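A.B. asks: Each step along the sequence shown adds one to the number in the working numbering, with nothing skipped, and position 4 is 3.
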Amino acid sequence: MESGDLSLEDSLKYFEQGVQLTRQCQTALSEAEQKIAVLTADDNYQNEKPLDEL
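(1) Helix, strand or coil: how does DSSP classify L5 here?
(2) For T21 and S2, what's the separation of their Cα atoms in angstroms?
(3) Using C-beta distances below 8 Å, list every residue in its chain close to E8, excluding the 5 sequence neighbours before and after it, in chain order.
(4) Look up T21 in the DSSP assignment and say whether it is helix, strand or coil.
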């Protein structure tokens, strides 16, 4: 949009697609984190750290 190549309508369309993709990625990441938590929940795994601490 800064270069003026896209109309406002097209810019909004691409923004909407970006928001939808972000939501899909957040959902997929959340599901993966839940699976990892389940897989590592046994008593032998004591070193679980949140991903943002890695």
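We put the CB at the ideal spot given by N, CA and C, even for glycine.
In this text the structure is predicted, and so the values were computed from the model without any measurement.
C.D. replies: On the basis of the data shown:
(1) coil
(2) 24 Å
(3) none
(4) helix
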